[in-house]
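Chemist: Please read through the structure below; I'll follow up with questions.
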Amino acid sequence: MKLLNIFIKIIFFMSGFSALVYQIAWQRMLFTAFGVDLESITVIISVFMAGLGVGAYFGGRIADKLLPNTANIIIFFALTEIGIGCFGFASPSILMWSQETFLYSSTFMIAFANFVLLLFPTFLMGCTLPLLTTYLQQYNPNIGDNIGWLYFTNTIGAGAACFATGFILFTSYTLDQTIYIAATINLIVATSIFVVLSSIRKVTAHE
């Protein structure tokens with residue numbers, strides 16, 4: 001189970017990495033809509049804080065309802081990663097549509113429209129921490145330790161994303177391609193979860 005614990009932390013590192021790539025890339029895309037960086041920063045920070053907060057609340061409630069079957073919790077986490085990844089792949093087109101639709105609207109209307117559009121993926125991102133915290137309780141009942149390690153790995157992933165996005169991704173890839181890389185990471189996380197769960201079930205069945 002120690003390996004499973006390490007696996008959970010690795011995938012949460014990857015989840016945090018992709019989340020910050022999105023934040024930076026979406027902010028850059030919104031800059032083209034507003035023409036002023038202050039508004040794009042305000043929208044991105046606001047929607048991430050709101051989405052993460054609301055998602056954390058409902059993620060905890062969902063995790064409690066899925067107990068005692070902890071396998072369902074990690075499956076739901078994988079589904080949130082799929083949802084984030086699918087939105088990530090579609091987000092360049094969605095944000096472009098928003099820019100064209102609200103081209104002549106007020107700054108407030110443009111900000112509100114993009115806030116609503118980005119609330120879905122940030123809500124899913126917010127669900128992830130309480131889901132994994134609840135899942136790890138079956139192996140380590142110390143909730144504080146679980147939250148601390150998960151938050152640590154996720155934050156390290158986010159920090160790595162800030163560096164990689166600014167110095168590697170933006171210099172080597174287009175904005176859309178950078179977003180697609182983040183979305184691919186989400187799908188890799190989800191796929192790896194299903195593979196590991198399948199392996200665990202096979203081992204359990206042979207015992």
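First residue of the sequence shown: 1, per the UniProt record's numbering; consecutive thereafter.
Positions of the beta carbon are idealized from the N, C-alpha and C atoms, including for glycine.
None of these values were measured; they are calculated from a predicted model.
Do you know offhand how far L119's Cα is from Q177's?
Modeler: For the purposes of this step, residue 119 is taken as the residue at position 119 of the sequence shown. For the purposes of this step, residue 177 is taken as the residue at position 177 of the sequence shown. Taking the straight line joining both Cα atoms gives about 22 Å.
Chemist: Quick one: give me the first and last residue of the alpha helix (DSSP H) that G88 is part of.
Modeler: Position 88 of the sequence shown, counted from the start, is the residue given in the question as residue 88. Unbroken alpha helix (DSSP H) run through G88: 70 to 101.
Chemist: Return the first residue and the last residue of the alpha helix (DSSP H) that Q27 is part of.
Modeler: Locating residue 27 in the sequence shown gives position 27, counting from the first residue. Unbroken alpha helix (DSSP H) run through Q27: 2 to 34.
Chemist: Give me the Cα-Cα distance between A199 and L30, rounded to the nearest whole angstrom.
Modeler: Numbered from 1 along the sequence shown, position 199 holds the residue referred to as residue 199. Numbered from 1 along the sequence shown, position 30 holds the residue referred to as residue 30. What sits at residue 199 in the sequence shown is Ser, not Ala. Spanning the two alpha carbons is a distance of roughly 42 Å.
Chemist: Can you tell me where the alpha helix (DSSP H) with F114 in it begins and where it stops?
Modeler: One-based indexing of the sequence shown puts residue 114 at position 114. Here residue 114 turns out to be Asn, not Phe, going by the sequence shown. 107 to 136 is the extent of the alpha helix (DSSP H) around N114.
Chemist: Report buried or exposed for W97, applying the criterion of at least 16 other Cβ atoms within 10 angstroms of its Cβ.
Modeler: Here residue 97 corresponds to residue number 97 of the sequence shown, with the count starting at 1. Exposed, because fewer than 16 other Cβ atoms sit within 10 Å of the Cβ of W97.
Chemist: Pairs of beta-carbons, one from the stretch 17 to 24 and one from the stretch 145 to 152, closer than 8 Å: are there three or more?
Modeler: No: fewer than three Cβ pairs fall under 8 Å.
Chemist: Assuming L169 contacts R28 under a Cβ cut-off of 8 Å, what Cβ separation, rounded to an integer in Å, is found between them?
Modeler: Counted from its first residue, the sequence shown places residue 169 at position 169. Counted from its first residue, the sequence shown places residue 28 at position 28. Contact flag wrong, Cβ pair sits at about 11 Å.
Chemist: Under the three-state reduction of DSSP, which class applies to residue 209: helix, strand or coil?
Modeler: No answer is possible for residue 209: the residues shown for the chain start at 1 and end at 207.
Chemist: Quick check on DSSP: helix, strand or coil for N140?
Modeler: Residue 140 sits at position 140 when you count from the first residue of the sequence shown. Note: N140 maps to coil in three-state DSSP.
Chemist: Say whether the stretch 106 to 118 touches the stretch 64 to 83, bearing in mind that this needs 3 or more beta-carbon pairs closer than 8 Å, one atom from each stretch.
Modeler: These segments do not touch.
Chemist: If you draw a straight line from the alpha carbon of T129 to that of L66, how long is it in whole angstroms?
Modeler: For the purposes of this step, residue 129 is taken as the residue at position 129 of the sequence shown. For the purposes of this step, residue 66 is taken as the residue at position 66 of the sequence shown. Note on residue identity: the sequence assigns Leu, not Thr, to residue 129. For L129 and L66, the distance between alpha carbons rounds to 15 Å.
Chemist: Between the beta-carbon of M125 and the beta-carbon of G60, is there less than 8 Å?
Modeler: For this step, residue 125 is matched to residue 125 along the sequence shown. For this step, residue 60 is matched to residue 60 along the sequence shown. In this structure, G60 does not lie closer than 8 Å to M125 by Cβ.
Chemist: Can you tell me whether L103 is buried or exposed, with buried defined as 16 or more other CB within 10 angstroms of its CB?
Modeler: Stepping through the sequence shown from its first residue, residue 103 is reached at position 103. With fewer than 16 Cβ atoms within 10 Å of its Cβ, L103 is classed as exposed.
Chemist: Can you list, in chain order, the residues of its chain whose CB lies under 7 Å from that of L52, leaving out five sequence neighbours each side?
Modeler: In the sequence shown, counting from the first residue as 1, residue 52 sits at position 52. Once the five neighbours on either side are set aside, the close Cβ partners of L52 are T122, M125, G126.
Chemist: Report the CB separation of I156 from P92 in whole angstroms; it is logged as a contact under 8 Å.
Modeler: Walking along the sequence shown from the start, residue 156 turns up at place 156. Walking along the sequence shown from the start, residue 92 turns up at place 92. I156 to P92, Cβ: 27 Å. No contact.
Chemist: Can you list, in chain order, the residues of its chain whose CB lies under 8 Å from that of I188, leaving out five sequence neighbours each side?
Modeler: If you number the sequence shown from 1, residue 188 lands on position 188. If we look at I188 and ignore the five residues flanking it on each side, its Cβ neighbours are M14.
Chemist: Which whole-angstrom value describes the C-beta separation of G16 and N114, a residue pair presumed to lie in contact below a C-beta threshold of 8 Å?
Modeler: If you number the sequence shown from 1, residue 16 lands on position 16. If you number the sequence shown from 1, residue 114 lands on position 114. Not quite, the Cβ-Cβ distance comes to about 23 Å (not below 8 Å), so this is no contact.
Chemist: By how many angstroms is the C-alpha of F112 removed from the C-alpha of E81?
Modeler: Within the sequence shown, the letter at position 81 stands for residue 81. Within the sequence shown, the letter at position 112 stands for residue 112. C-alpha separation (whole angstroms): 25 Å.
Chemist: Determine the burial state of G85: buried for a count of at least 16 other Cβ atoms within 10 Å of its Cβ, exposed for fewer.
Modeler: Here residue 85 is taken as the residue at index 85 of the sequence shown, counted from 1. Answer is buried; the Cβ neighbour count reaches 16.
Chemist: Compare the C-alpha of F7 against each of G159, L132, K202, A182 and name the closest.
Modeler: Taking the first residue of the sequence shown as 1, we reach residue 7 at position 7. Of G159, L132, K202, A182, the residue nearest in Cα terms is L132.
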